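Protein chains in written order, with the working numbering: chain A, 135 to 892; chain B, 135 to 892.
We put the CB at the ideal spot given by N, CA and C, even for glycine.
Note that the coordinates shown come from a computational prediction; the quantities given were computed from them, not determined experimentally.
Number of protein chains: 2
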Amino acid sequence: MKSILLLPLLASFAIAQTNYIHYVKPLTGTQRMGHTYPGATAPFGMVQLSPDTDTLMYEKNGKYQKEVYQYCAGYQYEDRTIVGFSHTHFSGTGHSDLGDFLIMPTTGKLQLNPGTAEHPESGYRSLYAHVNEIAEPAYYKVKLDDHDILAELTATTRVGFHQYTFPKSDSAHIILDLMHGIYNYDGKNVWTFVRVENDTLVTGYRQTSGWGRTRTLYFAMAFSKPFTSYGHAKYDTSVYRGFWRKFDERKNFPEMAGRNIRAYFDFNTNENEQIKIKFALSPVSTEGALKNLLAEIPDWDFERVKSESQKQWNEELGKVSVTMLSQKDMETFYTSLYHTFLGPTLYMDVDGRYKGIDQNIHTADGFTNYSTFSLWDTYRALHPLFNILQPNRNGDMIRSMLAHYDQSVHKMLPVWSHHANENWCMIGYHSVSVIADAFVKGNLSFDAVKALAACVQTARTKYYDGLEYYMSMGYVPEDKNSSSVSKTLEYAYDDWAIAQMAKKLGNESIYNEFTNRSQNFVNVFDTKIGFARPKLSDGTWRADFNTLSTHGQGFIEGNSWNYSLHVPHDVPEMIALIGGRKKFTAYLDSLFMMHLPDEFFAETEDITREGIIGNYVHGNEPSHHVPYLYNWTDQPWKTQERVRQILKLKYSNTPDGLSGNDDCGQMSAWYIFSALGFYPVAPGSEQYSIGSPLVKTASIKLENGKTITIEVKNQSEKNVYVQKILLNGKEWKNNYFLHSDLMNGADIVFEMGEKRKR
Amino acid sequence: MKSILLLPLLASFAIAQTNYIHYVKPLTGTQRMGHTYPGATAPFGMVQLSPDTDTLMYEKNGKYQKEVYQYCAGYQYEDRTIVGFSHTHFSGTGHSDLGDFLIMPTTGKLQLNPGTAEHPESGYRSLYAHVNEIAEPAYYKVKLDDHDILAELTATTRVGFHQYTFPKSDSAHIILDLMHGIYNYDGKNVWTFVRVENDTLVTGYRQTSGWGRTRTLYFAMAFSKPFTSYGHAKYDTSVYRGFWRKFDERKNFPEMAGRNIRAYFDFNTNENEQIKIKFALSPVSTEGALKNLLAEIPDWDFERVKSESQKQWNEELGKVSVTMLSQKDMETFYTSLYHTFLGPTLYMDVDGRYKGIDQNIHTADGFTNYSTFSLWDTYRALHPLFNILQPNRNGDMIRSMLAHYDQSVHKMLPVWSHHANENWCMIGYHSVSVIADAFVKGNLSFDAVKALAACVQTARTKYYDGLEYYMSMGYVPEDKNSSSVSKTLEYAYDDWAIAQMAKKLGNESIYNEFTNRSQNFVNVFDTKIGFARPKLSDGTWRADFNTLSTHGQGFIEGNSWNYSLHVPHDVPEMIALIGGRKKFTAYLDSLFMMHLPDEFFAETEDITREGIIGNYVHGNEPSHHVPYLYNWTDQPWKTQERVRQILKLKYSNTPDGLSGNDDCGQMSAWYIFSALGFYPVAPGSEQYSIGSPLVKTASIKLENGKTITIEVKNQSEKNVYVQKILLNGKEWKNNYFLHSDLMNGADIVFEMGEKRKR
């Protein structure tokens, strides 16, 4: 008896000992369109300290440079040179910003320009080789060949920690390039400021315009060894001819300011001498950055910091303990899980202060403030995943969104916000989905009545993106506002989410208003052709219409074939509009099997050919729920088939392992859900649509202390079809689970087979 | 008995009732070189709300525009048009900045460009006439002819209050020009930000480079009447091609940002309808500005605010109650006193928060934080005057300077600082004089030990302006650092001031070190010619030398004739170096009587011909103590003569009444001291050198409750010579008073006559 009782304890002990981080390959997605970064960061950390491999400008001769798109996260795997290591990066975005505070260690003649990829010797950048590169959670290491320097990076939440091992040199330098940035353009730098507080401490800030129109980030930078001299160069065209003639500010003058500055710090080094840098960020002030620095890394023990940050990662990743069919699958799974825990990123000082969207300094009262809300992407699966794995953090994210709302002059929840800025990227008002989903799923950590009011107010902002037409006419007319069908469909879904929240709160009038609005998707369905289609303000359908084309057709990041399926909240009605269940099944079949001609593929954004199956575009988000729609037909096994196909074909553990932008974790969240066997087709509903699990076993530790265990019997590459499901020992006939079925702890058994069954 | 006892009470009651503000003519100094502004401000107020009459740029085609110099305070009396009313102005400076947040009310077609002085109809500016203009302390009124609008302005410490009386119009506008500024140049605006919080409240900020290299000022602007619509135009060349296409941000979009923005607000008005604006500033945030607004002006009662601010002025001006020979003298006196109470200006929010020179936000703990320290000017007479009239404020100013020191990365006290910036203007480190003077005169409101350390640290900053040479060689060599003689002389004086403070604190080593340094003036005196003269680093005198020339001769704002007299702390040794008392007397006589040829006059800066007497340059500061130097000869009556001459010739109550830049009150402080009969030749000493009073009587109310009364018997235009002095009833034979003679209350009687006596 005794030994049997001990078994579960031992098992859980064994799980706690698993080193999950060894399964994580941060280089995954750094090739082609993944737009992930390989550098060091803590879970949801404010610092993302990562190598940048090029410095392309957003504009050249006043024109958008397409090439810059590759550098959304600063790093492209195929590049041969590293420009340096900057402290902020988005993970997986399709537009970009950040890249703040690039540090580069060099030896030899001081060069303050980065040089070119073709001629790295013409600047401070360096050749490197992947064979000398290691990327782990919270740790990155690379040899900088041109300077014979070993670079190692780790990070706590607010502090990047650099460790550079130098050769013997009487001309060693650390460059701090304040001109560097991601998606830079001429004039993006608004102002930069540097104070050399003493010979081991430097503070300052960088203020930029761009995607974040009014963005300032502060820093404090401590050196492990005093520099012997320092200086800077200024590249401004317009400098005030004032009294600065009094000094030669270029050399050893402790206060530098201007639009375009590069600073440097000189050292003598012995063979293998390490110079370490702690680089803290703050959204508030240099004082805040210094506080963060002292609070998070009081010493110079790089190994300790690395080990503690990796331990933090291990704890986060250990929330889901899985076994799978192969090492490759394990690595793909934990790399995906890693990607889902990169953001939204914390955005406040250790004392709780942060900059609000009103540009004033606020204190997060009783919550952790987060930023970087790529909501058009992440409302679909990332935030739903958080409702299982990170409900506390998701509650704080919602409180951050509500603070944004309070501070917003528009009185709107965030659309796509980062670093105290609303960048208005993409469409819809999907904050409401995130909030409603959390509330419907029992997250009570925020003021739901206030949150509902914020959702309603946001959804009534007439001047926002065609909403006035949508509210008065029931749809967005394409002749008044572009991407009108996508907008109408997404507004309708968001409105349904608001209604669900109102319902649970017992607010009948809001429930009725928004339930009515949620039916607006009907208005953009041309039932004669069975497709959603752009409608004009006179009520007629736009004549010029191609269901395969995306651009200028009333859609965004998805053509009518894909977007017509975007009624997650009322699939039966959508099926009716398309022409009934049979036609609908054929529609789905066609979608996955047709060939998307090159001319139309070229219009899909942000993805490679690997990102599509037929005309189904997995590399973009609008169709992420689509494989699960077979559950509404009499052929749910096709969901199982397609899900497994996508899991295997569209994800991998290699640099090219992401078939499209990871989009702040949304692509990866799809993977985690689907690998576990279910997916939230309509966030705001309690339902998870059942697919085909890829794991063999899974144990999900919930924050409430309960556990969801998943056992997949007869799991194999071939056995993709679900034969039978047991929930807590009883057969489960539904093709969905409810959130509440899971969250008190659940014991799920999938029985798989190679024949279609369910 | 009773009635006799009542008399002094009645007299003081009568004094309290005197309306001193009626003697103040704020237009004085607005013509030619005075560089004062005529607008509305509270005593030492953070807001200086005043009309600007032109918009010249600092640079044109990369070259400094000489004409811009006239607009240091934004207003030139001879101009025919007003561009608008901006909220920050220096008083009397010779270099400039500010002019933040220009407001202009207009009617008719909306025009967002200011237009030109020649063609005001081409823009929003307006013709005006002086006949329709009234300027009083804390009140300014003008008719804007082109728009048929009566403009009235008043101000509290942190809030400007506008009252515009409109004609009937369906096209009335209030323009908020964020591009406007004083000493603007292309690129000076770093960033501007505007939020339309609701239809009566707007907030934002303006961030500039320039004289203040990294300067940001925030505002909150409340309208008495809701605007019907609003918008803005942006004049940026580099605008990010981001997602802002989503909105037409030009019209009714509540968030504006960019480098160059002009906003407008539309109204319909009835005949004589008043639209009022409360415009609050903050150095910290828009939140701070809004707090300031609500705290200082809770209602819309323009008359009440005007009346209370004027009452405040009356109380300040009433600290010195004088009678004089004429109304003109009375007006000149109180206008001068008004000018001395314009600054340094308060620089903090009502909650005590302000931006420090380190760009972080600090809270003034137990003191009021001040900014705008034009110390090269004001150490001479303005701060000494404060030691009598404003010791509390002067203590706070010193605490502000010490806070600056604490926050300075250079660990230096301010040189010329404004709005959280060190602009490094002019030479020396005269903060130490202000501090030592206050301490020697008994001001104990600051930490003297710390203050001394700050003075010493400042005086040892090797990289500052030739100090390394001065410290090692005993003088600044002209071949190493320009204006070397002026610097050597001023450093020596400042060092003496430090020594005086050290002496009183009993710090012998500092006393000895700085007493030694204070003798360095000897090293730049060529005793062969009896003049201070630029010395080279090899110890030889510079050969090319002209005692009348200023430029490139080792001096600044004064030639050798004037600067050789700048040893205020050791006049006897200076006299010896010039060649003995007899030669010295002749030197002074020559100075006042010689003709300064045009070629050399052209080199004196900032003044008109009226600013000189012979070669004595009263329009600049270095010679301000010179008329009093006859007190060290056997002809002190020449001091009396020259002082009276200067008082009458160099000051007046008219727009052209200042013969040079008022320099933040220094010119006017000279007037106040001299009109009262004495002057602080060497601040840091307790001595006031006695001249010839211009008042008939004076009663100076001290903060300690005591009174200094001055009675001038036989005062007349001719009776400029002092015959006899009684101090507290006893004959006073010294040609100086000590500060301590006065501050316990003193009764001074001058007996005047038309014959030289003393």
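Q. Contact check, proline 417 of chain A vs tyrosine 488 of chain A under 8 Å by CB: the rounded distance?
A. Position 283 of the first sequence, counting from 1, holds the residue named residue 417 of chain A. Position 354 of the first sequence, counting from 1, holds the residue named residue 488 of chain A. Between tyrosine 488 of chain A and proline 417 of chain A the Cβ distance is about 5 Å, and since that is below 8 Å, they are a contact.
Q) Of the residues that make up the stretch 575–597 of chain A, which ones have a beta carbon closer than 9 Å to any beta carbon in chain B? A) Tyr597
Q: Could you check which residue in A:Leu586, A:Gly576, A:Asp628 and A:Ala587 has the C-alpha nearest to that of leucine 601 of chain A?
A: The sequence position of residue 601 of chain A within the first sequence is 467, counting from 1. Among A:Leu586, A:Gly576, A:Asp628 and A:Ala587, the Cα nearest to that of leucine 601 of chain A is on A:Asp628.
Q: Over the uninterrupted alpha helix (DSSP H) stretch that includes alanine 207 of chain B, give me the two end residues.
A: Here residue 207 of chain B is taken as the residue at index 73 of the second sequence, counted from 1. Neither: alanine 207 of chain B is in no alpha helix (DSSP H) and is coded neither H nor E.
Q: Drop a sphere of 10 angstroms on the beta-carbon of serine 565 of chain B, count the other beta-carbons inside from all chains shown, and report buried for 16 or more, exposed for fewer.
A: The residue you call residue 565 of chain B lines up with position 431 of the second sequence. The residue in question, serine 565 of chain B, is buried, as its Cβ has 16 or more Cβ neighbours within 10 Å.
Q.
Taking 7 Å as the limit between beta carbons, can you name the residues of its chain near valine 456 of chain A, skipping five residues before and five after?
A. Stepping through the first sequence from its first residue, residue 456 of chain A is reached at position 322. Phe467, Val829, Thr831 and Ala832, listed in sequence order.
(Q) Whole angstroms are fine: how far does the CA of asparagine 869 of chain A sit from the CA of tyrosine 273 of chain A? (A) Here residue 273 of chain A refers to the residue found at position 139 when the first sequence is read from its first residue. Here residue 869 of chain A refers to the residue found at position 735 when the first sequence is read from its first residue. Whole-angstrom Cα-Cα distance: 41 Å.
Q | Rounded C-alpha distance that separates arginine 347 of chain A from proline 478 of chain A | A | The residue given as residue 347 of chain A occupies position 213 in the first sequence. The residue given as residue 478 of chain A occupies position 344 in the first sequence. About 19 Å.
(Q) At the level of alpha carbons, what is the spacing between lysine 322 of chain B and threonine 162 of chain B? (A) Here residue 322 of chain B refers to the residue found at position 188 when the second sequence is read from its first residue. Here residue 162 of chain B refers to the residue found at position 28 when the second sequence is read from its first residue. Straight-line Cα distance between these residues: approximately 30 Å.
Q) Taking the alpha-carbon positions, what's the isoleucine 155 of chain A to lysine 835 of chain A distance? A) Counting from one through the first sequence, the residue named residue 155 of chain A turns up at place 21. Counting from one through the first sequence, the residue named residue 835 of chain A turns up at place 701. If I take the Cα positions, the gap works out to 17 Å.
Q.
If the cut-off is 7 Å on Cβ atoms, which residues from the stretch 740–772 of chain B count as contacting chain A, listed in chain order?
A. Of all residues in the stretch 740–772 of chain B, none has a Cβ within less than 7 Å of some Cβ in chain A.
Q. Run through DSSP, which three-state label would phenylalanine 655 of chain A get?
A. Within the first sequence, the letter at position 521 stands for residue 655 of chain A. In this structure, phenylalanine 655 of chain A counts as helix in the three-state DSSP scheme.
Q) Using DSSP with H/G/I as helix, E/B as strand and the rest coil, what is threonine 773 of chain B? A) As a working note, residue 773 of chain B is residue 639 in the second sequence. Reduced to three states, the DSSP call for threonine 773 of chain B is helix.
Q) Since glutamate 845 of chain A sits in a beta bridge, which residues does DSSP pair it with? A) Reading the first sequence from its first residue, position 711 is the one you call residue 845 of chain A. According to DSSP, glutamate 845 of chain A bridges with A:Thr831 and A:Val883.
Q. Should alanine 720 of chain B go down as buried or exposed, given a rule of 16 or more other Cβ atoms within 10 Å for buried?
A. What you label residue 720 of chain B is simply residue 586 of the second sequence in a count that begins at 1. Flag for alanine 720 of chain B reads exposed.
(Q) Looking at tyrosine 192 of chain A: is its Cβ nearer than 8 Å to the Cβ of tyrosine 317 of chain A? (A) On the first sequence, residue 192 of chain A is found 58 positions in, with the first residue counted as 1. On the first sequence, residue 317 of chain A is found 183 positions in, with the first residue counted as 1. Cβ atoms of tyrosine 192 of chain A and tyrosine 317 of chain A: closer than 8 Å.
(Q) For asparagine 641 of chain A, which residues in the same chain have their Cβ closer than 8 Å to its Cβ, ignoring the five residues on either side in sequence? (A) Here residue 641 of chain A corresponds to residue number 507 of the first sequence, with the count starting at 1. Once the five neighbours on either side are set aside, the close Cβ partners of asparagine 641 of chain A are Leu586.
(Q) Considering Cα atoms alone, identify which of B:Leu190, B:Thr342 and B:Ala207 is closest to glutamate 199 of chain B. (A) The residue labelled residue 199 of chain B in the question sits at position 65 within the second sequence. A quick correction: the sequence has glutamine, not glutamate, at residue 199 of chain B. Of B:Leu190, B:Thr342 and B:Ala207, the residue nearest in Cα terms is B:Leu190.
Q. Does the beta-carbon of arginine 396 of chain A have 16 or more other beta-carbons within 10 angstroms, so that it is buried, or is it exposed?
A. Sequence index remark: in the first sequence, residue 396 of chain A carries index 262 (1-based). The residue is buried, with at least 16 neighbouring Cβ atoms inside 10 Å.
Q. Where does histidine 264 of chain A sit, in a helix, a strand or coil, going by DSSP?
A. Position 130 of the first sequence, counting from 1, holds the residue named residue 264 of chain A. Note: histidine 264 of chain A maps to helix in three-state DSSP.
Q. Taking just the CA atoms, how far does glycine 745 of chain B sit from glutamate 885 of chain B?
A. Start at 1 with the first residue of the second sequence, and residue 885 of chain B comes out as number 751. Start at 1 with the first residue of the second sequence, and residue 745 of chain B comes out as number 611. Roughly 30 Å between the two C-alpha positions.
Q: Spell out whether any CB of chain B is found under 8 Å from the CB atom of phenylalanine 436 of chain A.
A: The residue labelled residue 436 of chain A in the question sits at position 302 within the first sequence. Taking Cβ atoms only, chain B never reaches closer than 8 Å to phenylalanine 436 of chain A, which makes this a no.
Q: Find out if the Cβ-Cβ distance for the pair glycine 748 of chain B, glycine 713 of chain B is shorter than 8 Å.
A: Here residue 748 of chain B refers to the residue found at position 614 when the second sequence is read from its first residue. Here residue 713 of chain B refers to the residue found at position 579 when the second sequence is read from its first residue. Taking a C-beta distance under 8 Å as the contact criterion, glycine 748 of chain B and glycine 713 of chain B do not qualify as a contact pair.
Q: Step through the CB atoms of chain A and report whether any lies within less than 8 Å of the CB of arginine 329 of chain B.
A: The residue labelled residue 329 of chain B in the question sits at position 195 within the second sequence. Yes, arginine 329 of chain B lies at the interface with chain A (some Cβ there is under 8 Å from its Cβ).
Q. When burial is assigned at 16 or more other CB atoms within 10 Å of the CB, is glutamate 733 of chain A buried or exposed?
A. Counting from one through the first sequence, the residue named residue 733 of chain A turns up at place 599. By the beta-carbon neighbour count (other beta carbons within 10 angstroms, threshold 16), glutamate 733 of chain A is exposed.
**Q.** Sequence-distant residues of its chain with Cβ nearer than 6 Å to lysine 453 of chain B (five each side left out)
**A.** In the second sequence, residue 453 of chain B corresponds to position 319, counting from 1. Cβ neighbours of lysine 453 of chain B beyond the five flanking positions: Leu523 and Lys835.
Q.
Using a Cβ-Cβ cutoff of less than 8 Å, which residues in the same chain neighbour lysine 462 of chain B once the five nearest sequence positions on both sides are dropped?
A. On the second sequence, position 328 is the one that residue 462 of chain B refers to. Closer than 8 Å at the Cβ level, and outside the excluded window around lysine 462 of chain B, lie Ser786 and Asn787.
**Q.** Backbone CA spacing between proline 571 of chain B and leucine 284 of chain B [nearest angstrom]
**A.** If you number the second sequence from 1, residue 571 of chain B lands on position 437. If you number the second sequence from 1, residue 284 of chain B lands on position 150. Looking at the sequence shown, residue 571 of chain B is not proline but aspartate. Roughly 46 Å between the two C-alpha positions.
Q | 3 or more residues per run - each beta strand (DSSP E) lying fully within the stretch 535–610 of chain B | A | 550–552
Q. Any Cβ of chain B within less than 8 Å of the Cβ of histidine 544 of chain A?
A. For the purposes of this step, residue 544 of chain A is taken as the residue at position 410 of the first sequence. So yes, histidine 544 of chain A belongs to the interface.
Q: Give the straight-line distance between the Cα atoms of leucine 578 of chain B and leucine 244 of chain A, rounded to the nearest whole angstrom.
A: Position 444 of the second sequence, counted from the first residue, corresponds to residue 578 of chain B. Position 110 of the first sequence, counted from the first residue, corresponds to residue 244 of chain A. Computed Cα separation, rounded: 52 Å.
Q.
Quick check: is the beta carbon of proline 185 of chain A nearer than 8 Å to any beta carbon in chain B?
A. To locate residue 185 of chain A, count along the first sequence from 1; it is residue 51. Chain B, which has no Cβ nearer than 8 Å to the Cβ of proline 185 of chain A, makes this no.
Q | Contacting residues, own chain, Cβ-Cβ under 6 Å from tyrosine 319 of chain A (five flanking each side not counted) | A | Locating residue 319 of chain A in the first sequence gives position 185, counting from the first residue. Counting only Cβ-Cβ distances below 6 Å, and skipping sequence neighbours, we find Met191, Tyr192 and Glu193.
**Q.** Closer than 9 Å at the beta carbon, the chain B residues around alanine 391 of chain A
**A.** Along the first sequence, one-based indexing puts residue 391 of chain A at 257. Ser343, Arg347 and Thr348, listed in chain order.
Q: For valine 324 of chain A, go through chain B and note every residue whose CB falls closer than 9 Å to its CB, in chain order.
A: Within the first sequence, numbered from 1, the residue matching residue 324 of chain A stands at position 190. Within chain B, the residues near valine 324 of chain A are Val324, Trp325, Gln341 and Arg393.
**Q.** Terminal residues of the beta strand (DSSP E) in which histidine 307 of chain A lies
**A.** If you number the first sequence from 1, residue 307 of chain A lands on position 173. In the DSSP assignment, histidine 307 of chain A falls within the unbroken beta strand (DSSP E) covering 303–311.
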